[in-house]
Amino acid sequence: MRRYLVTLALLPALLFAYLQLSSPPPLSVQWTLLSGGAAIEFEDFQFFYATLPRAVLALLVGGAMGLVGSLLQQITQNRLLSPMTLGAASGAWLALVCASVWAPALMANYGAWIAMAGASLSVTLVLLIAGSGGLAGLPVVLAGMAVNILLGAAASAIVLLNDQYARNLFIWGAGDLTQTDWNWVVWLAPKLSIALLILLFAHRPLTLLRLGEAGARGRGMGVFATLALLLPAALWLVACSITAVGVISFIGLLTPNLARALGARRAGDELAYSLLLGGLLLLATDAIAVLASQWTTDLVPSGAAAALIGAPGLIWFTRRKLTAADHSSLQLPAGVMKLSKTALIMLALAVPATAAIALLWSPEGAGSVSWRFGWPSDLVFSLRWPRIVTAAAAGGGMALTGVILQRLIRNPLASPDILGMSAGASLTLVLSVLAFGGSIYQAGPLIAFAGSLGVLLLLLLLGRRHHYAPGVMVLTGISLAALIDALVRFALAKGSDSAYSILGWMAGSTYQTTDGKAWLLLTGVIVLATLCALCSRWLTLISAGDQIALARGLNVKRARLALLFLASLACALVTAVMGPVAFVGLLAPHMAAMLGARKAPQQLLLAILLGALLMILSDWLGRTLLYPAQMPAGAIASLLGGGYFIYLLTRRRAA
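Per our numbering, the sequence shown starts with residue 489, numbered consecutively.
Take a look at the structure:
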């Protein structure tokens, strides 16, 4: 009761303070407007038709997201589940982007149902991948991350290809509570009334679910029927909220965890308190966004502000003791036990052959179905070869990083994008553009290296306590990825000329590369690969276990730090030149192992060749499939690598 009283006392105090942020009229006029008086001055209109509905919308959406987060976490008994980590937010966002570009009339009339369909499909995909046994641990979070990257890559590609139709989506995609009337409040409030039904009837089945599926069935509860009612209700609340204000999803992750930390133990208590606390948190977060907008003269989206606060919160919760399911890891896929010379020779020849195809084979013109194979003109050659070299070097560099990380952490899920090292490099580059201006393509590798090294230090700090458990490492990477996504959305919401260049760079683009950058990246990757080959014995011993490595005379601590330094440097170099490239660092080492490269030197060589081949192919497909329009190579690689990652997760569940 004390907890509820304190929260209920804070709510009107915070609401009063919130209403005074944006040049409000005198208190007497505010009371007159609230009592039904007519607005006369500009400040009166701003207070009644902008500030007040924005506050009400923050309370409604925050309460709904807090309730949904609590509902999802109690259903699965997973404290790290939310509309964001379950893929619901990204699915709804992709569906709304598609509708806005290709069916704006349907979007205007049936936006909530379109978002509901997208959220339902993405969540269904995540649940199928994770399976019922993976809902309580890391598998469902990994599945949600893979689906988020896939759908995010698809949404980015659609926006880049239809920029004339998607400009109005930028602020909305960042989560914007700005209002000019009461229309959205009137539209949203009745649709969120289903939350009252959840509060009234969900507490008993949620209490029984805490006993486990067998215990709930033994007490007469139909588990499948209950989930078939509760999950669509949660998705409906998410879909309506995203339709009204855009993507604001971190509230659903933080609120239930805070509610439990403040003493909510019973199922009904957690639901009710999460509803109350969610509205309070989003109102406080939006107050910070309003103040920041006044200080910076730029619009700070509410969703971005929530992510900036929520990402450190997620990192904090990962430091808690993880369950046994969180420490599970995938096994390398079965494959050939010994690498054949024929496979190595064929792969070595495939890389220059693919590069030659990318250089010589292209469509003849816009709308043409015929292709031209021949030496390009001097101008076209000067534009193509730096892109091919950059793509090959980027693929090899990310594959090199993936091999190092997978063997050091002894987890085949480790890769630079999953562990957040790419996000760290991206974070510092985007921050430098936001703070000092200029083009993101002009930022130097040293800035990216500082971010990647910072993530490395954070991973070492957080991972040491849990002996570098996969759960801690992966969830830290997810947190940083969400943080950089919030900053990118903020940059896009500003509406500056650099918005599309940042979005294209975040998709992993070779558009802006030059011959100097291409040679720099290629030289750097060759040097780092040579150094790593010299340290291949370290990789072999460490991947076998610290005790074995110590028994063979290896200084494990120094070797691990040196190899992690090489990995962060390679990741930073690739990110600075081309942008973040997702999943290549995961895909190439796995394919190398499947082809029989079980030893460290063989896996390094084969993974580098496979990474280069994948990126050359992705860049060529992105340049030619939709000619004259182009898609970034990183987006194509994300679709290919994300599909393979989902295959790995599904295969693990089937096994």
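We put the CB at the ideal spot given by N, CA and C, even for glycine.
| Item | Value |
| --- | --- |
| Three or more C-beta pairs below 8 angstroms linking the segment 908-922 and the segment 1050-1065 | yes |
| Coil, strand or helix - leucine 818 by DSSP | Bear in mind that a pLDDT of 36 at leucine 818, under 50, signals an unreliable position, so the model cannot answer this. |
| Range covered by the alpha helix (DSSP H) that runs through phenylalanine 924 | 909-924 |
| Given proline 693 as reference, the closest of Ala641, Ala634, Leu648, Arg754 once Cα atoms are compared | Arg754 |
| Straight-line Cα distance separating alanine 1006 from glycine 1073 | 20 angstroms |
| Other residues of its chain near alanine 812: CB distance less than 7 angstroms, five sequence neighbours each side excluded | Note that alanine 812 scores 36 on pLDDT, short of 50, meaning its location in the model is unreliable; the coordinates nonetheless yield the value given after this. For alanine 812, where only same-chain residues beyond five positions count, there are no Cβ hits under 7 angstroms. |
| Spatial neighbours of threonine 731 in its chain, beta-carbon cut-off 6 angstroms, leaving aside the 5 residues before and after | Gly599, Ala600, Ala603 |
| Straight-line Cα distance separating glutamine 508 from alanine 501 | 11 angstroms |
| Alpha carbon of glutamine 819 to alpha carbon of arginine 1040, nearest angstrom | Unreliable positioning characterises glutamine 819 in this predicted model, as indicated by a pLDDT of 47, which lies under 50. The coordinate reading is nonetheless provided below. If you take the alpha carbons of glutamine 819 and arginine 1040, they lie about 26 angstroms apart. |
| Residue range of the unbroken beta strand (DSSP E) whose run includes proline 851 | 849-851 |
| Beta bridge counterpart(s) of arginine 860 as assigned by DSSP | Ser850 |
| Where alanine 501 sits in the DSSP three-state scheme | helix |
| Leucine 759 vs serine 558 beta-carbon contact at 8 angstroms | yes |
| Contact set for alanine 777: own chain, Cβ-Cβ below 6 angstroms, skip 5 residues either direction | Val788, Ser790, Ala793 |
| Sub-8 angstroms separation of leucine 1016 and threonine 878 beta-carbons | no |
| Cβ-based burial, leucine 810 [other Cβ within 10 Å; buried from 16] | The predicted model places leucine 810 with a pLDDT of 46, which falls under 50 and marks its position as unreliable; any figure quoted below should be read in that light. Counting Cβ neighbours within 10 Å, leucine 810 comes out buried, since at least 16 surround it. |
| Under 8 angstroms between C-beta atoms of leucine 1051 and leucine 1027 | yes |
| Selection from Pro800, Tyr1132, Ala795 that minimises the alpha carbon distance to isoleucine 739 | Ala795 |
| Rounded straight-line distance, which links the Cα of proline 1120 to that of leucine 888 | 22 angstroms |
| Expected contact under 8 angstroms - CB spacing of serine 511 and glutamate 531 to nearest Å | 6 angstroms |
| Opening and closing residue of the alpha helix (DSSP H) in which cysteine 1023 lies | Run containing cysteine 1023: none; DSSP gives neither H nor E here. |
| Coarse secondary structure for tyrosine 598, derived from DSSP in three states | helix |
| Alpha carbon of glycine 438 to alpha carbon of leucine 684, nearest angstrom | Past the boundaries of the shown model lies residue 438; the chain is included only from 489 to 1143, so the question cannot be answered. |
| Euclidean distance between Cα positions of glycine 579 and alanine 607 | 4 angstroms |
| Residue span of the alpha helix (DSSP H) that contains arginine 1046, given as start and end | 1044-1066 |
| Tryptophan 1108 classed as buried or exposed, judged by whether at least 16 other C-beta atoms fall within 10 angstroms | buried |
| Residues of its chain near phenylalanine 1071, where Cβ-Cβ distance is below 8 angstroms and the 5 sequence neighbours each way are ignored | Ile637, Ser903, Asp905, Ala1125, Ser1126, Leu1128, Gly1129, Gly1130, Tyr1132, Phe1133 |
| Where the alpha helix (DSSP H) through asparagine 566 begins and ends | Premise fails: asparagine 566 is in no alpha helix (DSSP H) and is neither H nor E. |
| Straight-line gap, valine 647 to leucine 917 (C-alpha atoms, nearest Å) | 22 angstroms |
| Rounded separation between tryptophan 672 and tryptophan 859 - CA only | 51 angstroms |
| Beta-carbon gap between valine 1069 and alanine 882 smaller than 8 angstroms | yes |
| 8 angstroms Cβ cutoff met for valine 1166 and threonine 1001 | As displayed, the chain neither begins before 489 nor continues past 1143, which places residue 1166 out of reach and without an answer. |
| First and last residue of the uninterrupted alpha helix (DSSP H) at lysine 679 | 671-679 |
| Spatial neighbours of threonine 695 in its chain, beta-carbon cut-off 6 angstroms, leaving aside the 5 residues before and after | Ala755 |
| C-beta atoms of isoleucine 876 and leucine 837 nearer than 8 angstroms | no |
| Separation of tryptophan 873 from aspartate 1144, as counted between CA atoms | Only positions 489 to 1143 of the chain appear in this structure, which leaves residue 1144 out of reach. |
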